[in-house]
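In order, the protein sequence lines correspond to chains A and B.
Residue 16 in the working numbering sits at position 16 of the first sequence, and the numbers go up by one each step.
Residue 1113 in the working numbering sits at position 113 of the second sequence, and the numbers go up by one each step.
Beta carbons: idealized from backbone N, C-alpha and C, even for Gly.
2 protein chains.
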Amino acid sequence: MDSQMIAEQLLNHGIKPSYPRLQIYKYLYMKRNHPTVDIIYNSLVKEMPTLSKTTVYNTLNLFIDAHLVTSLNLDENEKRYEIIIHDHSHFKCENCGNIYDIPYENIQLLPEGFEDFQVNEVQIFLGGICPHCKK
Amino acid sequence: MDSQMIAEQLLNHGIKPSYPRLQIYKYLYMKRNHPTVDIIYNSLVKEMPTLSKTTVYNTLNLFIDAHLVTSLNLDENEKRYEIIIHDHSHFKCENCGNIYDIPYENIQLLPEGFEDFQVNEVQIFLGGICPHCKK
DNA sequence: GTATCTGCAAAACATTTGCAATTCT
DNA sequence: AGAATTGCAAATGTTTTGCAGATAC
C-alpha cells in the first residue's frame, strides 16, 4: 500500500492526511507490530526531527475515534496500538515478550442463557511460551 | 466463607493473615465485583480509618504474586482486580459500565498451525450492551 | 486570513518506592 | 528485641491538556 492509498483511507474516515498522520498510519499499516507510543515515536523521529510524542498521542486518539485503530492493554503499564483487524487474538510470550497475532473463527463466546448480551467488541489475550522459546 | 477459612487460604499461600490482608481478600471474595484500588480503599477505609492506598496496592500485588488474585485491564487507565477463577470472560457494558462474568467452556483458541504455542493464561474481554440496557 | 494542526511545557493520574513508625510474636 | 507490616511523602512513568506558534487551504 502506497502513500496515495493511505491518504484515501484517512480521507474516507474524515481525517485530513497531514504528513505526520500519514507517517503514523503507514507505520502501523506496514509494521503490524503492536507498538507503544514510544516505539512509534522513536522510529519516526529519525525522519521527522520535529515530531513530538504529543502528536503521536493525539494522532492515535484521532484514529481510535475514527475506528481505524484500537488500543491494547497487554498487561503492562503502557498501551499498544494496532490497525483494526477482526477475528484475531494476541499471544504474548512470557519469555521473549514477542506479541503474535493468532487468527480464530467461529468461537462461541456466549453460552446458553447469555444470548441477550449484544457483543460489539472482542479482545482475546493469551499468555504463554511461543514455539521459538520452547525449543 | 468466614474469616477463619479466609485466613487459612492466605496461610496456604504463604501469606501471614494480617487484618488488612484478611479484609481485602474477604472483600474480593464476597463482592466479586472486579473493583479498582479506589473502590476497595473507599469501601474498607470506613471500617479501618488508618488504611492507606499503599497498603491496598501492596497487598494486591502480594496476592497476585501468590496467584490468588489477577489484575484486569478493561480498556481504561486503572486496573481492576479479582479472585482467580478459571474459564470465564468479562463483558463490559458500554452503556452502564457494569462488568459481567461470562462462563465459557471448550473454546478452541489455537487454530491449525498454532499448536506449538503453549498457553498458560487466557483473558477474554467482551464489550457491548448488556440485557438490562437493551430494553 | 482563518481554521486546523503541531508541539512544548505543565498538569493529571495511577502506581511504585524509600523509609520511618507501628505492630506482632 | 527482632522481623515483618503498614503508611506517609515523594518519585516515577504514561497520558492528557492549555496554549502559542506554525502550517495549510
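- Taking each of I1084/B, C1133/B and D1002/B in turn and checking the Cα distance to R1032/B, the smallest one comes out for I1084/B.
- Rounded to the nearest whole angstrom, the C-alpha separation of I1040/B and F125/A is 26 Å.
- At a Cβ-Cβ threshold of 8 Å, Q23/A and L10/A do not count as neighbours.
- When only Cα atoms are considered, N95/A and V1056/B end up about 29 Å apart.
- Under the DSSP definition of a beta bridge, C1133/B lacks any partner.
- The continuous alpha helix (DSSP H) containing I24/A extends over residues Y19 to K31.
- Counting C-beta pairs closer than 8 Å gives fewer than three between the segment 56 to 75 of chain A and the segment 110 to 117 of chain A, which falls short of the contact rule.
- Counting the other Cβ atoms within 10 Å of the Cβ of H90/A gives 16 or more, which makes it buried.
- Beyond the five residues adjoining it in sequence on each side, L1062/B comes within less than 7 Å, by CB distance, of I1015 in the same chain, given in chain order.
- Scanning chain B for C-beta atoms nearer than 9 Å to the C-beta of F114/A yields F1091, Y1100, I1102, P1103 and P1131, reported in chain order.
- Closest option to G97/A, judged by alpha-carbon separation, among S3/A, C133/A, N58/A and P17/A: C133/A.
- In this structure, the alpha-carbon of I107/A lies about 22 Å from that of E82/A.
- Distance check between L51/A and each of D65/A, I64/A, Y29/A and Y19/A places Y19/A closest, using alpha-carbon atoms only.
- Judged by DSSP in its simplified three-state form, V1056/B adopts helix.
- G127/A reaches chain B at N1120 and E1121, counting residues in chain order whose Cβ is nearer than 7 Å.
- Unbroken beta strand (DSSP E) runs of no fewer than 3 residues, entirely contained in the segment 59 to 135 of chain A, are found at 69 to 72, 80 to 83, 88 to 93, 99 to 103 and 118 to 129, following chain order.
- If you look at E1047/B, you'll find it isn't in any alpha helix (DSSP H); DSSP assigns it neither H nor E.
- Pairing K92/A with R80/A, the inter-Cα distance amounts to about 12 Å.
- Each residue's CA atom was taken as its position, placing Y100/A and L1028/B some 32 Å apart.
- A direct Cα-Cα distance of roughly 27 Å separates E47/A from H67/A.
- For the C-beta of L1060/B, not a single chain A residue is nearer than 7 Å; the gap to the nearest is close to 14 Å.
- If you look at I6/A, you'll find it in the alpha helix (DSSP H) that goes S3 to N12.
- At a cut-off of 8 Å, the C-beta of F1063/B has no neighbouring C-beta in chain A.
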